[in-house]
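Comments concern the structure below.
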Amino acid sequence: MQMELKMKIILLYARGYSISENGKTNEGITVQYLINDNLDPTFTQDDRGFRATKGSLPLSEWPNISDCPALYDGVFGMKTGSDGKAQLKLKTCQFISHLETKQKKYTPASATA
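Add 95 to the 1-based position in the sequence shown for the working numbering, that's all there is to it.
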């Protein structure tokens, strides 16, 4: 039984590729996304901004990617990584909407005291 998980993602970047080597062709879409449905960045003492996830999709998914950056429904499948740990892998995505962005500024605790 294959487990799937659906969650909202912000697709930041997508690029199709096709690489031929030794008579074999490897093709797909390189993607970078946020596992999140808003653009409220992290601003703490140790972290700033966003941490994007990198992945790939089959080239057949290209028609589903109508805009970047944008909000999508992402469908993830489980797989076992080379280290034996469970990993989520993006399998498909469906466009939901365009994004509105806003900027937040970090205020150190010492500045508010």
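Even for Gly, the Cβ is constructed at its ideal location relative to N, Cα and C.
Q97 has no beta-bridge partner at all, per DSSP. Rounded to whole angstroms, the Cβ separation of Q97 and G172 is 6 angstroms, and the two are in contact under 8 angstroms. In the structure shown, S161 falls within a coil segment according to DSSP collapsed to helix, strand and coil.
Counting the other Cβ atoms within 10 Å of the Cβ of G176 gives fewer than 16, which makes it exposed.
Taking a 10 Å sphere around the C-beta of E156, we find 16 or more other C-beta atoms and assign the residue as buried. With three or more CB-CB distances shorter than 8 angstroms, the region 157 to 168 counts as touching the region 103 to 118. In this structure, the beta-carbon distance from T125 to R110 falls below 8 angstroms. C188 has its alpha-carbon roughly 12 angstroms from the corresponding atom of I130.
F190 places its beta carbon less than 8 angstroms from that of N159. Rounded to whole angstroms, the gap between the alpha carbons of F145 and S115 is 34 angstroms. Listed in chain order, the non-local C-beta contacts of G123 below 7 angstroms within the same chain comprise Y112, S151, L152, P153, L154, local neighbours out to five positions each way being set aside.
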